[in-house]
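Quick note: the sequence shown uses my numbering, first residue 5, plus one each step. Yeah, the Cβ is synthetic: ideal placement off N, Cα and C, and Gly gets one too. A quick write-up on the structure given underneath.
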Amino acid sequence: MKNTISEADLDRLDPKEYIIIKRARVNNLKNVSVAIKRNTLTVVTGLSGSGKSSLAFDTLYAEGQRMYVESLSSYARQFLGRMEKPEVDYIRGISPAIAIDQKVSTRNSRSTVGTSTEIYDYMKLLFARIGETFSPISGEKVSKDTVTDVVNHIFSYPEGTRVMVLSPLIPKDDRSMKQELELLLKKGFNRVVVGADTVQIEDLLSSGTEVEEVKILVDRAVVNLDEEGSPREDTQFRLSDSVQTAFFEGNGTCEIEIRTEEGRKIVAFSDRFERDGIQFEEPSINLFTFNNPYGACRRCEGFGSVLGLDPELVFPDKKLSVFEGAIAPWRSEKMGEFLQPLIRNGIRFDFPIHRAIKDLDPEQYQLLWDGNEYFTGLTDFFKHLEEQSYKIQYRVMLSRYRGRTVCPDCRGSRLRKDASYVKVNGKSIVDLVLLPIDELAEFFKDIQLNPYQEKVAKRILIEINNRLDFMQRVGLGYLTLNRLSKTLSGGESQRIRLATSLGSALVGSMYILDEPSIGLHPRDTERLVSVLKSLRDLGNTVIVVEHEEEVMKASDDIIDIGPDAGVNGGNLVFQGPWTTQAAPGTSHTLDFLHGHETIPTPLHRRKFLDFLSINGARENNLKNLDVKIPLGIFTVVTGVSGSGKSTLIRKILYPVLDRLVGESRSGEDPGKYDELTGSVSRISQVEMVDQDPIGKSSRSNPITYIKAYDTLRALMADQPLAKQRDYKPAHFSFNVDGGRCEACQGEGYQTIEMQFMADVKLLCESCGGKRFKKEILDVTYLDKNISDILGMSVDEALNFFRETQPKLAEKIQPLQDVGLGYIGLGQASNTLSGGEAQRVKLAYFLGKGNAEKGKTLFIFDEPTTGLHFSDIHKLLKAMNALVDQGDTVVVIEHNMEVIKCADWIIDMGPEGGEKGGFLCFEGTPEEMIQLENNHTARFLKEKMS
């Protein structure tokens, strides 16, 4: 296959206009030469394993990073100098590179949408700089009075007004009032005010009169204005000096007595930040930081939730009434003593003891918690249990009804209570983080500030509005800044990462994105494309590794790597606009885009008789749904991002079934729902095939996961030389002592700790990365040792073993069936993408020889992640093979090729977040395309036409 650009032409191109890569040989790339025009949106595509990421990330981005390192000082380079140059003749015209990869989630319990997008950091700065504190008692603004404020107040009175500057006398260091008065004389003060009278200190001391409240008379003056009505300078300076002395003597308090014809009036001033007798904290960044002990809520310590009473555990079945035993802790004979007064006296206060808990109005429900004179409420009942918690039975009972609940002090915002007293334009930071981003964006667009605040906040508001705009444009306007990052779906996490990177709006950079459309509904993909285009229009080169049809059609240029995967890939198949006509068979990508290759729509949809029914689902944003899950067919759950798909399937269906079949591997409590009914007995096993890694270490690999490594080790131990040397199968494992290289413990590389920097991994000098001792590598099968075999791709291994070792080939075959023919048998699991890990799990189930065939329910979470059209075709065949053997397949998916092949569709929506959580449709694809005003139906209609 010839490259589409000659090397002579490549050498003549101007690096100011093109990023030029000449003869790239990284991984499976075969001397690929390509020129990417600057300031364009370029999509790099091709089959999974064809070499796309090798070109975009391992070549282009790696060289950008290496060049950056070389620009550092020699001192810094000594820690980074081992970064290898990608195998390529040269790369010219490279720009500063920013990579946005497929890391889609975080498990950090403190990370929120606000912190991960940096919007919250700017909001903290805004509130610290221009926030105004208001007293929760009077609602008045809290402020510190300055000397200037006091003097200005004095000169606001008419000419000739008599004033006295006073300061309260506060005894210090256990001194008596008499001692304080004697000390005042020594300081030079002569008079004090007792009640309404001015008294000489000496007279007060000589009289021996006991007084409790004394004010120091610091100064007496008359308001003195010049001819223009301005304060006279000498009087102004004198009063300023006196006020400062009064603040000092009065521990921050100064009083001004004004004497007019109407009488005397005292006005108090304080240079402390207080109001209504409360000392407030002055706004600072730490006050709004929940990851800091200073700003974190004292009750929940900055986590937003506390271990409290969980109403879902207290009322496990809300269809029951109080009389029928809806209150779980009062069901036993002993605890039933608390229930009887409510049953007997309910008629006295008109409480419906025969009405279901779910049908009670809010006042009646609250009454169960609060109680009244006739019965003890649940709150007091649990307080009674806590008082008795020295008895183990009460501790056990308490733990049964406790769960994570929203912290009542901070409303889940994680901040100390007094942070909510600080407001900007009438809203506290707590109010703002609980608003959906769409409403938050409106607030900041219409914010009303005074001229001083406007000047201080101008730059901060630009940053906040930019980032909020990006969040809306990538379709995340329904999220709140307070939402925990670990509760987001994969698609939401990916787009937050994208919005964060794009919010900085750099110019003249090279953005390399790894499948940003992961987890996106086609409606949201349209928005994503507009973001990528605006990034390009700013003056950046945007390079996207992508399989999504809409993104390809929106690009300026497509670079297609292939034609196939692994050893059969690594060539530049095509470069140019997608509209370019090419002969069928030239490029899988163009063939699909132009309709020469298609995934056929099934002629018949499977029918179902049995089903499961989830009733009353109300976790997260689900709106009390009743949903039917058919058994024995291929079901797709779809809807826009944030509509509630993952909540319904991953948080309710899976954990509930997992408990019913007695495994409870999910480790999670099911989300809120009423009941699961239907043909539950038809399910004896449930499997979640998600994108979590199949192993986190380099010792885990695909051949181990699909249980084929045992067969391979037995084969190697059966060779004549192995028998002669008495090698057992364990000698061919790199996980145990015996045959593995002891220098690297079978890792193949050695890790060099770099102290404050990321560790560097270097090839083991002893085994050269082969992981085994030299004498073990002497044992061969058909001239291949164990290291050679582990280094083969799945396709190569199948060709190698098919004739001679059919049983081993049969175990490896499922990996090829799910489109993973290009991955290495011994490839470290931690190098597989989420989509690849998911398909390795699918291959395991296909080859398992399951005794529970026909009784297993498989759940797939976006299995098309990272898949080309051709690979999706293979994946659908593999999933249909599970259905054909009688199992049930439920897929959470946005890809229209998969949706059109489903037997049954469950569509959630209509939007994300609070506007989602409804069941929009359930039925066949043919019925769905008849719908109007449905996002999924609109795109499915195009695909099925």
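I'd like to check one pair, residue j with residue i: are the Cβ atoms closer than 8 Å?
| i | j | result |
| --- | --- | --- |
| residue 517 | residue 549 | yes |
| residue 815 | residue 698 | no |
| residue 553 | residue 502 | no |
| residue 112 | residue 574 | no |
| residue 185 | residue 221 | no |
| residue 247 | residue 167 | no |
| residue 880 | residue 871 | no |
| residue 812 | residue 843 | no |
| residue 17 | residue 39 | yes |
| residue 409 | residue 321 | no |
| residue 357 | residue 347 | yes |
| residue 664 | residue 641 | no |
| residue 789 | residue 802 | no |
| residue 626 | residue 648 | yes |
Give me, in chain order, the residues of the same chain whose beta-carbon lies closer than 8 Å to that of residue i; leave out the 5 immediate sequence neighbours on both sides.
| i | result |
| --- | --- |
| residue 718 | 733 |
| residue 556 | 47, 49, 550, 562, 582, 593 and 597 |
| residue 762 | In this prediction, residue 762 scores a pLDDT of 49, lower than 50, which makes its location untrustworthy; the coordinate-derived value is nonetheless stated afterwards. Excluding positions up to five away in sequence, the list is empty. |
| residue 11 | 26, 27 and 37 |
With a threshold of 16 other CB atoms inside 10 Å of the CB of residue i, please say whether the residue is buried or exposed.
| i | result |
| --- | --- |
| residue 592 | buried |
| residue 635 | buried |
| residue 194 | exposed |
| residue 146 | buried |
| residue 706 | buried |
| residue 860 | buried |
| residue 156 | exposed |
| residue 456 | exposed |
| residue 108 | Because residue 108 sits at a pLDDT of 49, beneath the cut-off of 50, its placement in the model cannot be relied upon, and the point is left open. |
| residue 775 | buried |
| residue 917 | buried |
| residue 701 | exposed |
| residue 611 | exposed |
| residue 736 | buried |
| residue 85 | Legend: pLDDT at residue 85 = 49, less than 50; position of this residue unreliable, value from coordinates given subsequently. Residue 85 should be labelled exposed. |
| residue 929 | buried |
| residue 868 | buried |
| residue 250 | buried |
| residue 559 | buried |
Quick one: what's residue i bridged to in DSSP?
| i | result |
| --- | --- |
| residue 172 | 219 |
| residue 745 | Answer by DSSP bridge pairing: none, since residue 745 is not bridged. |
| residue 578 | 564 |
| residue 259 | 170 and 272 |
| residue 692 | 863 |
| residue 619 | 679 |
| residue 235 | 229 |
| residue 535 | Answer by DSSP bridge pairing: none, since residue 535 is not bridged. |
| residue 375 | 380 |
| residue 427 | 136 and 432 |
| residue 926 | 910 |
Say yes only if the C-beta of residue i is nearer than 7 Å to one or more non-hydrogen atoms of the ligand NAP, and no if none qualify.
| i | result |
| --- | --- |
| residue 623 | Ligands displayed in this structure: none; no statement on the ligand NAP is therefore possible. |
If I measure Cβ to Cβ from residue i and keep anything under 6 Å in the same chain, skipping five residues before and after, which residues do I get?
| i | result |
| --- | --- |
| residue 947 | 900 and 904 |
| residue 90 | 30, 63, 66 and 67 |
| residue 416 | 308 and 410 |
| residue 760 | Residue placement at residue 760 cannot be trusted, given a pLDDT of 49 that sits under 50; what the coordinates show is reported in the next sentence. For residue 760, where only same-chain residues beyond five positions count, there are no Cβ hits under 6 Å. |
| residue 475 | 441 and 503 |
| residue 939 | 527 and 644 |
| residue 172 | 219, 254 and 257 |
| residue 300 | 294 and 306 |
| residue 926 | 910 |
Leaving out five residues on either side along the sequence, give the residues of the same chain with a beta carbon under 7 Å from the beta carbon of residue i.
| i | result |
| --- | --- |
| residue 539 | 506, 515 and 546 |
| residue 933 | 941, 944, 945 and 948 |
| residue 931 | none |
Practice task
Return the chain-ordered ranges of every beta strand (DSSP E) run that is complete within the stretch 859-894 and spans a minimum of 3 residues.
Solution key: 860-865
Practice task
Quick one: which unbroken beta strand (DSSP E) runs of 3-plus residues sit fully inside the stretch 26-110? Chain order, please.
Solution key: 36-41, 45-49, 92-96 and 101-104
Exercise for the section: Any chance you could list the beta strand (DSSP E) runs of at least 3 consecutive residues sitting entirely within the stretch 278-361, in chain order? Expected result: 309-313
Exercise for the section: Jot down the residue ranges of each uninterrupted alpha helix (DSSP H) in the stretch 701-739, minimum 4 residues, whole runs only, in chain order. Expected result: 706-709, 713-721 and 724-728
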